[in-house]
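Protein chains in written order, with the numbering used here: chain A, 246 to 463; chain B, 10 to 240.
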C-alpha cells in the first residue's frame, strides 16, 4: 500500500519533458518534489502564475505571491503572472498538458465528485469544474477508500458531480487504473497488494486482464 | 484626467444599500483592504458581493459578514470562514457558487460587452441548472451570462492619477477583470504617482476602466497559509 508521497512519486513518472502542469491541493501538490531527472516542467496555479517555484525560506515569504491553495510560494526564472481570466483561458483552451487533482468519488464512467457533501460541507468548487471539463489529460490522485473504509471508485457517484465522463486515469494507494468502456481497468498494483485486495476495495466494475504488474515507485 | 479621490471614505460615499459590488482578490491576496474597511464603517447594508472568496472570519469580506452587511454572495470557493458558513447554513445569506474560470470570464465578458458565452465547465453538474446547452465539436457546453456591478473595488500595487494600474505578483488575480466590469471602478494603490511615471508598456489595467483612484493608507496583507521550507 502506498503512502501519499508514493502516490505522488508514481504520478511523477507520468510527467513528460516540456509539459505545463496544474496540480490540485493535497497529494497532487507533492508531485512537484519528484520530477524525474532531465524532465523540465512548468507548474501552473490557477490563481494566475506559470513557473511556480518551491515554498519560500522563512522570513522571505511574500503576501503577494501565493498559489491556489493560498500557500506562500516563489517564482522560478522564466515565470509569468497573469489575471484569472487568462489563467482559465490556458485551462479551457487546453494549453495545460496535465491536470492532477484529488477526488471524493470517481465513477466507472469517468464522473468525478470532489466539491460538496450536501448538508455537511459546502466550500465551493473553486477551479475544479473548469479543470475537469476542459483538460484532456487528467489524473486523479486519491486513496482507494475513504476514512470509513468505503470505496471511492464507484459504479455511480453519490455526491454532486464536479464533472461528467472526464477522468481517464486514477492513481490510488492500491493501484493504477484506467477508466475504459465497461469499468476500471487495473493497470498496476501497489507493491505487495493483491488483485483480490483491489477488487475488494473497488465498488465499481474492475477489469483485470492477464497478469497485472506491480508498480515501480523509485 | 485626474481621478484621484482623497481616501476610501470619499471613494465609496455614493455606494447605497443593496448595491452590487465586485471585490478583487484571491483569498486574502490582492484584496482592497481600505475600501472594505470603509464599507465596514459605513453601515451600508443588503450588498450583493461578487468575489472569488469570502474572506476569513476577521479579515477581508469576513468583516462585512460579521456586521451582516452582505445579503448575497457570488463566489467560487467560500471555505475558511466560519461566520460565513453559519450564515449560509442558517439561510441568512444567499450564496451562488460559480466555477472559478466561469466567474473570471463572466466578469471579463461583462467588461468587454459580450453578453454571454459557452463553456464546458459545469456541464452535467448542478451548476448547469436550467441554462441552455449546445454541443460544439462533439463536446457539450453551457451558456453563461456576463456579470457587471454597480461598483468594482480593486487593489493594485502602483497607479497613476489617470487610473492606469500595475499589479504585483499573484495579487493581480481577479482585479483586472473586475476593474473592467464595474460601472464605477474604485482602485486603491500602494503607490500613487503622476501620469508619465509608469511605463505605458507595462500597464496591466488601462485607466479607461478606472473611475476613482486613491492611495491606500494601510495594508496588513495577511497571509492565509504561511508555508516555508528550511534552509
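Built from N, CA and C at the ideal position, the CB exists for glycine as well.
Residues of the stretch 297 to 310 of chain A with a C-beta less than 9 angstroms from any C-beta of chain B: 299, 300, 301, 302, 303, 304, 305, 306, 307, 308, 309, 310, listed in chain order. A check of alpha carbon separations from residue 449 of chain A across A:456, A:395, A:297 identifies A:395 as the nearest. Per DSSP, the unbroken beta strand (DSSP E) holding residue 104 of chain B starts and ends at 103 to 106. With a 10 Å radius around the Cβ and a threshold of 16 neighbouring Cβ atoms, residue 407 of chain A comes out buried.
For residue 119 of chain B, the enclosing alpha helix (DSSP H) starts and ends at 109 to 121. Distances from the alpha-carbon of residue 193 of chain B to those of B:179, B:169, B:218, B:170 put B:218 closest. Between the stretch 18 to 29 of chain B and the stretch 142 to 153 of chain B, the count of C-beta pairs closer than 8 angstroms stays below three; the two stretches do not touch.
Residue 44 of chain B carries a helical assignment under DSSP once its states are collapsed to helix, strand and coil. With contacts defined by Cβ atoms closer than 8 angstroms, residue 135 of chain B and residue 167 of chain B do not form a contacting pair. Listed in chain order, the positions of the stretch 75 to 86 of chain B with a beta carbon within less than 7 angstroms of a beta carbon of chain A are 84, 85, 86. Following the DSSP letters along the chain, one finds residue 88 of chain B in no beta strand (DSSP E), marked with neither H nor E. Not a single CB atom of chain A sits nearer than 8 angstroms to the CB of residue 200 of chain B. Under the Cβ criterion (8 angstroms, minimum of three pairs), the stretch 104 to 113 of chain B counts as touching the stretch 357 to 375 of chain A. In the three-state reduction of the DSSP assignment, residue 287 of chain A falls in the strand class, which pools E and B. DSSP places residue 430 of chain A in the strand class (E or B) of the three-state scheme.
With contacts defined by Cβ atoms closer than 8 angstroms, residue 269 of chain A and residue 346 of chain A form a contacting pair.
Identification of chain A residues near residue 124 of chain B by a Cβ-Cβ cut-off of 9 angstroms yields none; the smallest Cβ-Cβ distance measures about 16 angstroms. Going by C-alpha positions, residue 188 of chain B is about 26 angstroms away from residue 339 of chain A.
Here the C-alpha atom of residue 206 of chain B lies approximately 40 angstroms from the C-alpha atom of residue 81 of chain B. Approximately 5 angstroms separates the beta-carbon atoms of residue 171 of chain B and residue 204 of chain B; this is inside 8 angstroms, confirming the contact. At a cut-off of 8 angstroms between C-beta atoms, residue 237 of chain B counts as an interface residue with respect to chain A.
For residue 403 of chain A, DSSP records no beta bridge to any residue. Assignment of residue 341 of chain A by DSSP, reduced to helix, strand and coil, places it in the coil class. When the beta-carbon positions are compared, residue 160 of chain B and residue 47 of chain B stay at least 8 angstroms from each other. Sixteen is the threshold: when 16 or more other Cβ atoms of the shown chains lie within 10 Å of the Cβ of residue 178 of chain B, as they do, the residue is buried.
Chain A places no beta carbon closer than 8 angstroms to that of residue 49 of chain B, leaving this residue out of the contacts.
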